[in-house]
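Enquirer:
Protein chains: 2
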Amino acid sequence: MPAALLSIGTELTRGELVNTNASWIADRLTAFGLEVEVIEAIPDDRAVIVDTLRRLSTRHRVVIVTGGLGPTTDDLTSACAAEAAGVPLERHEPSLEAIRRRFASFGREMGPSNAKQADFPRGCEILPNPIGTAPGFKLQLGGAMLFFTPGVPVEMHRMFEEQIVPHIAPLATNDAAQVHLKTFGAGESKIGEMLEGLEGEFPGVTLGYRAHFPEIEVKVFARGKHRSEAQALADAAARAVRGRLGDLVYGEGREETFAASMSRVLRKGKLTLSIAESCTGGLVGSMITALPGSSEFLLFDGVVYSNAAKVQVLGVDEEILRAHGAVSAECAQAMVEGVKRLTGSDLAVAITGIAGPTGGSDHKPVGLVYFAVGGPHETIVKERQLSGDRQRVQTFAAWYALKLVLDMARDLVETSAPPPVSIAP
Amino acid sequence: MPAALLSIGTELTRGELVNTNASWIADRLTAFGLEVEVIEAIPDDRAVIVDTLRRLSTRHRVVIVTGGLGPTTDDLTSACAAEAAGVPLERHEPSLEAIRRRFASFGREMGPSNAKQADFPRGCEILPNPIGTAPGFKLQLGGAMLFFTPGVPVEMHRMFEEQIVPHIAPLATNDAAQVHLKTFGAGESKIGEMLEGLEGEFPGVTLGYRAHFPEIEVKVFARGKHRSEAQALADAAARAVRGRLGDLVYGEGREETFAASMSRVLRKGKLTLSIAESCTGGLVGSMITALPGSSEFLLFDGVVYSNAAKVQVLGVDEEILRAHGAVSAECAQAMVEGVKRLTGSDLAVAITGIAGPTGGSDHKPVGLVYFAVGGPHETIVKERQLSGDRQRVQTFAAWYALKLVLDMARDLVETSAPPPVSIAP
Chain Z
26 MPAALLSIGT
36 ELTRGELVNT
46 NASWIADRLT
56 AFGLEVEVIE
66 AIPDDRAVIV
76 DTLRRLSTRH
86 RVVIVTGGLG
96 PTTDDLTSAC
106 AAEAAGVPLE
116 RHEPSLEAIR
126 RRFASFGREM
136 GPSNAKQADF
146 PRGCEILPNP
156 IGTAPGFKLQ
166 LGGAMLFFTP
176 GVPVEMHRMF
186 EEQIVPHIAP
196 LATNDAAQVH
206 LKTFGAGESK
216 IGEMLEGLEG
226 EFPGVTLGYR
236 AHFPEIEVKV
246 FARGKHRSEA
256 QALADAAARA
266 VRGRLGDLVY
276 GEGREETFAA
286 SMSRVLRKGK
296 LTLSIAESCT
306 GGLVGSMITA
316 LPGSSEFLLF
326 DGVVYSNAAK
336 VQVLGVDEEI
346 LRAHGAVSAE
356 CAQAMVEGVK
366 RLTGSDLAVA
376 ITGIAGPTGG
386 SDHKPVGLVY
396 FAVGGPHETI
406 VKERQLSGDR
416 QRVQTFAAWY
426 ALKLVLDMAR
436 DLVETSAPPP
446 VSIAP
Chain G
26 MPAALLSIGT
36 ELTRGELVNT
46 NASWIADRLT
56 AFGLEVEVIE
66 AIPDDRAVIV
76 DTLRRLSTRH
86 RVVIVTGGLG
96 PTTDDLTSAC
106 AAEAAGVPLE
116 RHEPSLEAIR
126 RRFASFGREM
136 GPSNAKQADF
146 PRGCEILPNP
156 IGTAPGFKLQ
166 LGGAMLFFTP
176 GVPVEMHRMF
186 EEQIVPHIAP
196 LATNDAAQVH
206 LKTFGAGESK
216 IGEMLEGLEG
226 EFPGVTLGYR
236 AHFPEIEVKV
246 FARGKHRSEA
256 QALADAAARA
266 VRGRLGDLVY
276 GEGREETFAA
286 SMSRVLRKGK
296 LTLSIAESCT
306 GGLVGSMITA
316 LPGSSEFLLF
326 DGVVYSNAAK
336 VQVLGVDEEI
346 LRAHGAVSAE
356 CAQAMVEGVK
366 RLTGSDLAVA
376 ITGIAGPTGG
386 SDHKPVGLVY
396 FAVGGPHETI
406 VKERQLSGDR
416 QRVQTFAAWY
426 ALKLVLDMAR
436 DLVETSAPPP
446 VSIAP
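Residue numbers (the numbering used here), protein chains in the order written: chain Z, 26 to 450; chain G, 26 to 450.
1) Mind checking if serine 48 of chain G is an interface residue toward chain Z, Cβ cutoff 7 Å exclusive?
2) So with CB distances below 8 Å, who are the chain Z contacts of glutamate 36 of chain G?
3) Mapping DSSP to helix, strand and coil, what is methionine 312 of chain Z?
4) Taking 8 Å as the cut-off, does the stretch 313–330 of chain Z touch the stretch 320–334 of chain G (at least 3 CB pairs, one atom from each stretch)?
5) Quick one: what's got a C-beta closer than 8 Å to glutamate 439 of chain G's C-beta in the same chain, skipping five residues either side?
6) Taking DSSP as the reference, what is the three-state secondary structure of leucine 339 of chain Z?
7) Counting only Cβ-Cβ distances shorter than 7 Å, please list the residues of the stretch 330–342 of chain G near chain Z, keeping chain order.
8) Measure from the alpha carbon of cysteine 356 of chain G to the alpha carbon of each residue in G:Gly369, G:Thr368 and G:Val341, then state which is nearest.
9) Can you pull the chain G residues whose beta carbon is under 8 Å from the beta carbon of isoleucine 376 of chain Z, in chain order?
10) Just to confirm the assignment: which complete alpha helix (DSSP H) runs, minimum length 4, are found wholly within the stretch 321–404 of chain G?
11) Got a sec: is the Cβ-Cβ distance from valine 63 of chain G to anything in chain Z below 7 Å?
12) Give the DSSP-derived three-state secondary structure of glutamate 41 of chain G in the structure shown.
13) Does the Cβ of threonine 383 of chain G have 16 or more other Cβ atoms within 10 Å, making it buried, or fewer, making it exposed?
14) Kindly list the residues whose CB is nearer than 8 Å to the CB of threonine 158 of chain Z, restricted to its own chain and excluding five residues on each side of it in sequence; keep chain order.
15) Please report the Cβ distance between leucine 273 of chain Z and threonine 208 of chain Z, rounded to the nearest whole angstrom; I am assuming they are in contact, meaning their Cβ atoms lie under 8 Å.
16) Looking only at DSSP bridge pairs, what is serine 32 of chain Z linked to?
17) May I have the straight-line CA-CA distance separating valine 361 of chain G from threonine 305 of chain G, to the nearest angstrom?
18) Does DSSP put leucine 411 of chain Z in a helix, in a strand, or in coil?
19) Counting Cβ pairs, one atom from each stretch, are 3 or more of them under 8 Å apart for the stretch 254–274 of chain G and the stretch 200–207 of chain G?
20) In its own chain, which residues sit with a C-beta less than 6 Å from the C-beta of serine 288 of chain Z, not counting the 5 before and 5 after it?
21) Counting only Cβ pairs nearer than 9 Å, list the residues of chain G close to alanine 107 of chain Z.
22) Is there a C-beta anywhere in chain G that falls below 7 Å from the one on asparagine 199 of chain Z?
23) Quick one: grab the DSSP three-state call for lysine 295 of chain Z.
24) Opposite glutamine 165 of chain Z in the DSSP bridges: which residues?
25) Closer than 7 Å by beta-carbon distance: list the chain G residues that pair up with proline 160 of chain Z, in chain order.
26) Give a yes or no on whether the minimum CB-CB distance between alanine 255 of chain G and chain Z is below 7 Å.
27) Can you tell me whether threonine 440 of chain G is helix, strand or coil according to DSSP?
28) How big is the Cα-Cα spacing for proline 191 of chain Z and threonine 420 of chain Z?
29) Candidates Z:Asn46, Z:Ser299 and Z:Thr102: which alpha carbon is nearest valine 73 of chain Z's?
30) According to DSSP, what are the bridge partners of phenylalanine 246 of chain G?
31) Check this for me: beta carbons of serine 299 of chain G and alanine 348 of chain G, under 7 Å apart or not?
32) Return yes when the Cβ of glycine 392 of chain Z is within less than 7 Å of the Cβ of glutamine 515 of chain Z, no when it is not.
33) Return the CA-CA distance between lysine 428 of chain G and glycine 225 of chain G, expressed in angstroms with no decimal places.
34) Report the CB separation of valine 364 of chain G from alanine 263 of chain G in whole angstroms; it is logged as a contact under 8 Å.
35) Using three-state DSSP, classify threonine 208 of chain G as helix, strand or coil.
36) If you draw a straight line from the alpha carbon of phenylalanine 238 of chain G to that of arginine 147 of chain G, how long is it in whole angstroms?
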């Protein structure tokens with residue numbers, strides 16, 4: 026049941042954009058047991074688009090097409106789909122009305138160019154877009170089902186799950202299952218070494234790795250005689266992976282995030298948090314506040330970028346800055362104590378370091394970062410020498426700070442739990 | 026002179042890996058004026074590979090193939106290239122010797138599986154790999170030049186520059202040029218309408234749009250008789266685009282960012298900045314501090330997520346919170362005044378709103394955000410009703426806050442400039 030993916034857009038064939046849509050869809054189809062036999066990207070060129078749609082529809086059962094549904098003159102997908110199918114374009118009044126309403130909801134009037142987004146090949150099935158102006162559509166061409174969605178990832182993801190999955194789920198072989206384990210704290214080659222030989226212990230299982238700095242996702246993919254056998258196999262292998270990787274695994278599931286896993290522990294322990302960050306410049310706070318409901322536990326994040334702010338806002342002793350500098354274990358400790366005093370939070374974390382590319386010295390090189398995490402019973406200070414460019418230093422430092430909070434919160438939640446009650450049989 | 030790119034590997038068609046090789050090569054070929062007409066990725070499947078190589082070689086002048094040159098059984102590229110060309114594989118002794126030496130240099134012995142990396146289609150030209158075990162090769166197939174390299178990005182990049190560029194440089198048309206204009210403040214359809222008809226005024230120019238929420242990039246692509254004519258045409262059309270879009274254009278160049286354009290104005294005016302953000306949770310600070318050297322002007326960013334932090338850190342009057350709530354024009358104004366008082370910065374900006382998905386009411390719906398920007402002469406407060414999910418509300422609000430700072434900083438820098446000196450002729 027081979028599937029094909031087609032992404033339309035000159036920004037792809039000119040290398041201006043990395044095609045993350047294709048890998049996202051391929052991953053989802055693979056999870057359904059549908060094999061992707063080709064991924065193509067082509068420019069906004071009418072002849073190329075028509076030709077490619079015809080060729081793919083003769084060779085594949087499912088073709089998923091993204092991009093080229095926008096309002097501008099280089100958006101040609103609907104017209105080309107109609108030409109490939111040998112049918113005219115037809116205006117779909119309910120879609121036009123939906124687009125008009127969407128604009129009205131922003132207090133704006135629909136422009137004339139948006140009207141073409143309501144033109145579809147005759148006989149297609151329209152796939153509504155709940156969060157954008159461009160609807161998609163489903164078209165039968167020869168023996169192939171073609172699905173068209175916008176290229177905007179957030180719209181495509183939503184439409185894939187809501188509009189396309191119901192059509193392809195019945196085609197799924199359902200003999201495959203996948204478990205996603207998210208890890209932080211070791212590189213891909215180290216993780217690979219730790220898991221060496223594990224596939225041999227679980228016939229039918231293959232391990233895949235996806236590096237999205239600084240996390241590594243381990244994908245445990247299993248095939249079985251039917252879905253439940255595959256799922257049981259994937260689950261067993263995932264337990265073995267967790268056994269080998271220990272604390273490096275922070276969560277499970279493709280949508281899991283590091284901040285979410287930390288926030289669950291804080292909520293469970295009813296613990297509040299405050300942050301003082303310097304070289305990470307708001308990254309720790311924005312990772313946490315990307316989560317809905319983070320206001321329940323996050324009281325304050327002070328991005329104390331200047332020395333003056335460290336003194337004025339957090340009450341860091343000027344003598345510490347003079348004697349040890351802002352990038353020092355002493356300053357990290359004073360920052361964490363200061364922010365805890367200011368807000369009265371249960372936990373606090375502080376980061377101060379040199380993100381680079383300038384600002385380093387022989388004594389304190391770029392990438393040197395101090396962390397302090399404070400709780401009800403203790404304050405822990407850590408020094409790390411990080412490598413890579415500014416963005417990597419900032420990103421790793423922000424994750425590492427959250428990891429320190431997570432570890433301390435786990436200890437508090439576990440040790441504060443009441444002792445298990447034994448029930449007489 | 027259309028080129029094609031082919032990436033071979035089941036890790037791509039299963040979505041385990043994003044195809045960054047393709048965008049890298051496409052960008053390099055575009056710079057040479059070679060148009061990429063298709064990018065394909067296919068699995069490690071012999072029939073599919075042979076078929077695809079034959080099809081691409083009949084349609085394209087240059088085909089660049091990455092992946093499948095490794096030592097394992099699923100590395101099939103050389104054998105498939107030989108089959109597509111109708112020639113046998115032949116062992117190349119100097120390559121075998123080079124692979125053996127490479128292993129010896131790590132103190133290891135070459136394994137038997139690596140020997141197949143010295144097997145090439147008869148008649149090809151071998152492309153040495155200076156930093157890996159797998160050499161590449163160049164093969165003429167019909168009218169097409171096919172280049173094969175390993176899929177490891179660092180090896181591919183080096184081999185592309187050293188081994189492939191000398192072959193394709195003579196084919197380069199060098200008749201194209203591109204200008205990238207970055208905009209914020211209007212959607213893609215609005216921008217498209219504002220630029221309608223502009224292509225007609227500049228024959229040889231095509232406009233492309235790339236939406237990366239909340240910015241829209243306008244790409245002005247021009248072809249001319251030679252490079253300098255194309256560049257002059259692209260520049261002239263870009264000036265016309267700027268004329269139509271006005272202040273919506275914040276900068277030029279593919280690497281330009283909104284925070285960088287704002288920071289240049291602040292540095293030029295030697296203006297310092299402090300921030301008080303609530304619903305954006307550190308996003309404004311992290312956008313700015315992603316820039317090297319931002320410590321020169323950013324003094325402090327207070328993420329005052331709780332009401333207590335607004336009072337304790339910024340000195341917001343509790344009466345304001347009681348009477349108007351934290352999401353109010355009054356609170357935004359008190360926040361901006363508080364953070365300016367705390368740090369003594371020249372400029373300050375404050376954001377308070379409801380990012381959602383919960384926390385809204387009839388009176389104050391999700392997406393309602395208040396902004397205040399304060400400078401030496403005035404404080405301006407704005408109310409905006411934003412739409413979309415939490416991430417979109419936060420992202421748009423952070424950009425809008427930076428836009429307010431940018432506009433106020435521009436006014437200060439321009440009005441504080443000394444009057445022009447007239448020189449007597």
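Where a beta carbon is used, it is the ideal one built from N, C-alpha and C, also for glycine.
Expert: The answer reads as follows:
1) Start at 1 with the first residue of the second sequence, and residue 48 of chain G comes out as number 23. Yes, because at least one Cβ of chain Z sits closer than 7 Å to the Cβ of serine 48 of chain G.
2) As a first step, residue 36 of chain G is located in the second sequence; it is residue number 11 there, counting from the start. Simply Gly233.
3) Walking along the first sequence from the start, residue 312 of chain Z turns up at place 287. For methionine 312 of chain Z, the three-state secondary structure derived from DSSP is helix.
4) Output reads yes: the stretch 313–330 of chain Z touches the stretch 320–334 of chain G.
5) Residue 439 of chain G sits at position 414 when you count from the first residue of the second sequence. If we look at glutamate 439 of chain G and ignore the five residues flanking it on each side, it has no Cβ neighbours.
6) Taking the first residue of the first sequence as position 1, residue 339 of chain Z is located at position 314. Residue state, collapsed to three classes: helix.
7) Under the 7 Å Cβ criterion, the stretch 330–342 of chain G contributes Tyr330, Ser331, Ala333, Ala334, Gln337 and Val338.
8) If you number the second sequence from 1, residue 356 of chain G lands on position 331. Of the candidates G:Gly369, G:Thr368 and G:Val341, the one whose C-alpha sits nearest the C-alpha of cysteine 356 of chain G is G:Val341.
9) Taking the first sequence and counting its residues from 1, one reaches residue 376 of chain Z at position 351. Neighbours of isoleucine 376 of chain Z on chain G: none; closest Cβ ~12 Å, over 8 Å.
10) Listed in chain order, the complete alpha helix (DSSP H) runs (minimum 4 residues) inside the stretch 321–404 of chain G are 332–339, 343–349 and 354–368.
11) Within the second sequence, numbered from 1, the residue matching residue 63 of chain G stands at position 38. Yes, valine 63 of chain G lies at the interface with chain Z (some Cβ there is under 7 Å from its Cβ).
12) As a first step, residue 41 of chain G is located in the second sequence; it is residue number 16 there, counting from the start. The answer is coil: DSSP assigns glutamate 41 of chain G none of H, G, I, E or B.
13) Translated into the one-based positions of the second sequence, residue 383 of chain G becomes position 358. Label assigned to threonine 383 of chain G: exposed.
14) Looking up residue 158 of chain Z in the first sequence gives position 133. For threonine 158 of chain Z, where only same-chain residues beyond five positions count, the Cβ hits under 8 Å are Pro96, Ile124, Arg127, Phe128, Asn139 and Gln142.
15) Counted from its first residue, the first sequence places residue 273 of chain Z at position 248. Counted from its first residue, the first sequence places residue 208 of chain Z at position 183. By a beta-carbon distance limit of 8 Å, leucine 273 of chain Z contacts threonine 208 of chain Z. Their separation comes to about 5 Å.
16) Your numbering for residue 32 of chain Z matches position 7 in the first sequence. Answer by DSSP bridge pairing, in chain order: Z:Ala66 and Z:Thr91.
17) By one-based count along the second sequence, residue 361 of chain G stands at place 336. By one-based count along the second sequence, residue 305 of chain G stands at place 280. Answer to the nearest angstrom: the Cα atoms are 15 Å apart.
18) Locating residue 411 of chain Z in the first sequence gives position 386, counting from the first residue. DSSP, read as helix, strand or coil, puts leucine 411 of chain Z in coil.
19) Yes: the two stretches touch, three or more of their Cβ pairs being nearer than 8 Å.
20) Start at 1 with the first residue of the first sequence, and residue 288 of chain Z comes out as number 263. The answer, listed in chain order, is Leu316.
21) Taking the first residue of the first sequence as position 1, residue 107 of chain Z is located at position 82. Below the 9 Å Cβ cutoff, chain G contributes no neighbours of alanine 107 of chain Z, its closest Cβ being approximately 21 Å away.
22) Translated into the one-based positions of the first sequence, residue 199 of chain Z becomes position 174. It does not: the Cβ of asparagine 199 of chain Z has no partner Cβ on chain G nearer than 7 Å.
23) Locating residue 295 of chain Z in the first sequence gives position 270, counting from the first residue. Correct three-state label for lysine 295 of chain Z: coil.
24) For this step, residue 165 of chain Z is matched to residue 140 along the first sequence. Looking at the DSSP assignment, glutamine 165 of chain Z forms a beta bridge with Z:Met170.
25) Residue mapping note: residue 160 of chain Z aligns to position 135 of the first sequence, counting from 1. Under the 7 Å cutoff, chain G gives no residues; its nearest Cβ is about 14 Å from proline 160 of chain Z.
26) Translated into the one-based positions of the second sequence, residue 255 of chain G becomes position 230. Using a Cβ-Cβ cut-off of 7 Å, alanine 255 of chain G does not count as an interface residue toward chain Z, since no Cβ of chain Z sits closer than that to its own.
27) Walking along the second sequence from the start, residue 440 of chain G turns up at place 415. In the structure shown, threonine 440 of chain G adopts helical secondary structure according to DSSP, grouped into three states.
28) The count along the first sequence starts at 1 and reaches residue 191 of chain Z at position 166. The count along the first sequence starts at 1 and reaches residue 420 of chain Z at position 395. Between proline 191 of chain Z and threonine 420 of chain Z, the C-alpha separation is close to 38 Å.
29) Mapped onto the first sequence, residue 73 of chain Z falls at position 48. Ranking the options by Cα distance to valine 73 of chain Z, first place goes to Z:Thr102.
30) For the purposes of this step, residue 246 of chain G is taken as residue 221 along the second sequence, with counting starting at 1. DSSP lists G:Gln203 and G:Thr231 as partners of phenylalanine 246 of chain G.
31) Numbered from its first residue, the second sequence carries residue 299 of chain G at position 274. Numbered from its first residue, the second sequence carries residue 348 of chain G at position 323. The answer is no: Cβ separation not under 7 Å.
32) Coverage of chain Z is limited to positions 26 through 450, which leaves residue 515 of chain Z absent and any answer about it impossible.
33) To locate residue 428 of chain G, count along the second sequence from 1; it is residue 403. To locate residue 225 of chain G, count along the second sequence from 1; it is residue 200. Looking at the two C-alpha atoms, the distance is approximately 32 Å.
34) Position 339 of the second sequence holds residue 364 of chain G. Position 238 of the second sequence holds residue 263 of chain G. Taking the Cβ atoms as the reference, valine 364 of chain G lies roughly 38 Å from alanine 263 of chain G, outside the contact range of under 8 Å.
35) Counting from one through the second sequence, the residue named residue 208 of chain G turns up at place 183. Under the three-state reduction of DSSP, threonine 208 of chain G is assigned to strand.
36) Position 213 of the second sequence, counted from the start, is the residue given in the question as residue 238 of chain G. Position 122 of the second sequence, counted from the start, is the residue given in the question as residue 147 of chain G. CA-to-CA, the gap between phenylalanine 238 of chain G and arginine 147 of chain G works out to about 51 Å.
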